[in-house]
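In terms of my numbering, the sequence shown opens at residue 7 and continues consecutively. Glycine is no exception: its CB is placed at the ideal position from the N, C-alpha and C atoms. Please read these numbers as outputs of a predicted model, since none were measured by experiment. Okay, so here's the structure we're looking at.
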Amino acid sequence: MKKLAIMGAMEEEIEPLLSHFENVKVTEFAKNKYYELTYNGLEIVVAYSKIGKVFASLTASTLIEKFGCDTLLFSGVAGGINPTLKIGDLIIANKLCQHDLDITAFGHPHGFVPEGAVYVETSKELRDIAFETASENGISVIEGIIATGDQFVHSSERKKFIEDVFEADALEMEGASVAVVCNALNIPFLILRAISDTADMDAGFDFDEFLKSSAKNSADYIIKIVDKINK
Ligand code: ADE
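Take a look at the structure:
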């Protein structure tokens, strides 16, 4: 690996990462900030995209095409669907889909557009490293399907739709768009999330309450994964 990208969506999601690293150089590009640093000899670029699929696609593309990153790790929070996932718990995506992509009017399945695919798979190699890291550090994490859409989900009906149609274990607003970019550009990537809420009626309240602590759970684990990658 030449250069590692670590991405979040919100400032709160990358703050625990930035506070772990030293001598960070800030570069502004396309109305966003990119934080370049060296960590134990490894070049890393950290950025938060802002919320949603469009900003996340822009940031992932920039990290790869402008900054030359050749591996991407995403760290952040998600709404839990799988009932075994409690607030603070960790999930690594084995594949991701866009739950709000809908041209079913033309007979296509939900989440599909021609020349695309409903699901994009993440790197098996990075997942293996992440699970090895977890077992070595006594970290509990599950693997599952993450559904992405430009909606903060806070209703049992929408949550059930996403669970029924996509068999998703968690949902958020960026992962699948990062997956599409990395897949198209042939960049291995990992999407890690910690649960901040359970996407139902209380989601807005829980998200505000648990964003920081769950973001830190995810970031602390990402740093351990980086240490393992760099061994
Ligand atoms: N990220 C964290 N919680 C979420 C929710 N309920 N909906 C969308 N994205 C989220």
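In this structure, how does DSSP classify residue i when only helix, strand and coil are distinguished?
| i | result |
| --- | --- |
| Gly58 | coil |
| Leu24 | helix |
| Val149 | The residue asked about is misnamed: residue 149 is Glu in this sequence, not Val. Strand, per DSSP. |
| Asn38 | strand |
| Leu217 | helix |
| Gly14 | strand |
| Val30 | coil |
| Gly241 | Because residue 241 is not part of the residues shown, which for the chain are 7 to 237, the question remains open. |
| Gly210 | helix |
| Lys9 | strand |
Near residue i, which residues of its chain fall below 8 Å by C-beta distance, leaving aside the five closest residues on each side in sequence?
| i | result |
| --- | --- |
| Asn100 | Glu127, Thr128, Arg133, Glu149, Gly150 and Ile151 |
| Glu18 | Leu217, Lys218 and Ala221 |
| Ile229 | Leu23 and His26 |
| Ser224 | Glu19, Ser81, Gly82, Val83, Leu96, Leu198, Arg199 and Ala200 |
| Glu34 | Tyr40 |
| Leu177 | Ala84, Gly85, Ile87, His105, Ile152, Ala153, Thr154, Gly155, Val159, Lys165, Ile168 and Ala205 |
| Leu69 | Ala11, Met13, Tyr40, Val51, Ala53, Cys75 and Leu78 |
| Ala209 | Gly85, Phe158, Val159, His160 and Asp203 |
| Ala36 | Leu64 and Thr68 |
If you drop the 5 nearest sequence neighbours on each side, which residues of the same chain put their C-beta closer than 6 Å to that of residue i?
| i | result |
| --- | --- |
| Gly58 | Asp156 and Met179 |
| Ile93 | Ile201 and Phe216 |
| Ala140 | Val147 |
| Asn189 | Val126 |
Which same chain residues, not among the five before or five after residue i, have their C-beta less than 7 Å away from its C-beta?
| i | result |
| --- | --- |
| Asp170 | none |
| Asp108 | His116 |
| Ile12 | Leu23, Ile50, Val52, Leu79, Ser81 and Ile228 |
| Ile135 | Ile231, Lys234 and Ile235 |
| Ala62 | Ala15, Ser55, Glu180, Ser183 and Val184 |
| Thr65 | Met13, Asn38, Ala53 and Ser55 |
Answer yes if the stretch 40–51 comes into contact with the stretch 163–172, meaning at least three C-beta pairs across the two stretches below 8 Å, and no otherwise. No, they do not touch.
I need the residues with a C-beta less than 7 Å from some heavy atom of ligand 1; please give them in chain order. My final list is Val83, Ala84, Gly85, Gln157, Phe158, Val159, His160, Leu177, Glu178, Met179, Ser202, Asp203, Ala205, Ala209 and Phe213.
Measuring CB atoms only, is the stretch 205–223 touching the stretch 111–121, in the sense that at least three cross pairs come out at less than 8 Å? Using a Cβ-Cβ distance cut-off of 8 Å, the stretch 205–223 and the stretch 111–121 are not in contact, since fewer than three pairs of beta carbons, one from each stretch, lie closer than that value.
What are the uninterrupted segments assigned as alpha helix (DSSP H) that are 4 or more residues long and contained completely in the stretch 157–206, given in chain order? Complete alpha helix (DSSP H) runs here, min 4: 162–172 and 181–190.
Does the structure place the stretch 75–93 close enough to the stretch 137–146 that three or more beta carbon pairs sit under 8 Å? Contact between the stretch 137–146 and the stretch 75–93 is absent, because fewer than three Cβ pairs lie under 8 Å.
Contact between the stretch 21–28 and the stretch 66–75: three or more CB pairs below 8 Å? Short answer: they don't touch.
Cβ contact (3+ pairs, closer than 8 Å) linking the stretch 174–190 and the stretch 100–113: Touching, per the Cβ criterion.
Complete beta strand (DSSP E) runs within the stretch 85–137 (minimum length 3 residues, chain order): List check, beta strand (DSSP E) in window: 96–104.
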